[in-house]
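J.:
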Amino acid sequence: MRVAPERVVALSKEEARRLMVVVLEGVDGLRSLGQLAGVVSGEVLRGLSVEVGRTRLGRLRICRVGAEAVEIAGTVIRGGRVRALAARVEFSGGGWRCVVFRVLG
């Protein structure tokens with residue numbers, strides 16, 4: 045019996061960065077949380093809270109953890125403080141969707 049190879053979908057670093065910026069714009073209140081519905085899961089959307097201010101995205105590292113899933117680690121800078129960012133992004137329905145999003149620290 046032959047097994048079909050897994051379909052591997054690529055997420056570029058630029059796409060990952062843009063997705064994280066969109067989510068952070070929601071957190072900063074620059075974008076309504078309703079606008080994030082197409083790019084984040086319901087669980088992520090329910091877990092986000094708006095903190096008026098400006099968050100800058102620092103460096104990102106991307107690690108493929110499956111044919112249609114990547115994990116993102118990075119930093120964000122807010123109010124002169126550097127904090128860690130952790131996210132998981134999965135390909136579904138023709139696009140990438142953030143299913144886990146945490147700013148730590």
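Quick note: the sequence shown uses our numbering, first residue 45, plus one each step.
Don't be surprised by glycine CBs; every beta carbon is placed ideally from N, CA and C.
(1) Tell me whether the beta-carbon of Ala-131 lies closer than 9 Å to the beta-carbon of Ile-116.
(2) Roughly how far, in whole angstroms, is the beta-carbon of Ser-85 from the beta-carbon of Arg-141, given that I think they are within contact range, below 8 Å?
(3) Under the rule that 16 or more other beta-carbon atoms within 10 Å means buried, what is Leu-148, buried or exposed?
(4) Rounded to the nearest angstrom, what separates Gly-110 and Ser-136 at their Cα positions?
(5) In whole angstroms, what separates the C-alpha of Asp-72 from that of Val-94?
(6) Could you tell me how far apart the beta carbons of Leu-89 and Met-64 are, in whole angstroms, since I believe they sit closer than 8 Å?
(7) Enumerate in chain order the residues of its own chain whose CB-to-CB distance from Arg-105 is below 8 Å, with the five nearest sequence positions on each side excluded.
(8) So the candidates are Glu-134, Ala-81, Lys-57; which of them puts its Cα closest to the Cα of Val-67?
T.: If we stick to the structure as given:
(1) Along the sequence shown, read from residue 1 onward, the residue named residue 131 stands at position 87. Along the sequence shown, read from residue 1 onward, the residue named residue 116 stands at position 72. Cβ distance < 9 Å, so Ala-131 and Ile-116 count as in contact.
(2) Translated into the one-based positions of the sequence shown, residue 85 becomes position 41. Translated into the one-based positions of the sequence shown, residue 141 becomes position 97. Sure, about 6 Å apart at Cβ, within 8 Å.
(3) As a working mapping, residue 148 is identified with position 104 in the sequence shown. Exposed, since its Cβ has fewer than 16 Cβ neighbours within 10 Å.
(4) As a position in the sequence shown, residue 110 is number 66, starting the count at 1. As a position in the sequence shown, residue 136 is number 92, starting the count at 1. So the alpha carbons of these two residues sit roughly 13 Å apart.
(5) Position 28 of the sequence shown, counted from the start, is the residue given in the question as residue 72. Position 50 of the sequence shown, counted from the start, is the residue given in the question as residue 94. Those two C-alpha atoms are separated by around 6 Å.
(6) Numbered from 1 along the sequence shown, position 45 holds the residue referred to as residue 89. Numbered from 1 along the sequence shown, position 20 holds the residue referred to as residue 64. 15 Å between Cβ atoms; not a contact.
(7) Walking along the sequence shown from the start, residue 105 turns up at place 61. Taken in chain order, the residues that qualify are Ile-116, Ala-117, Gly-118.
(8) In the sequence shown, the residue the question calls residue 67 occupies position 23. Of the candidates Glu-134, Ala-81, Lys-57, the one whose C-alpha sits nearest the C-alpha of Val-67 is Ala-81.
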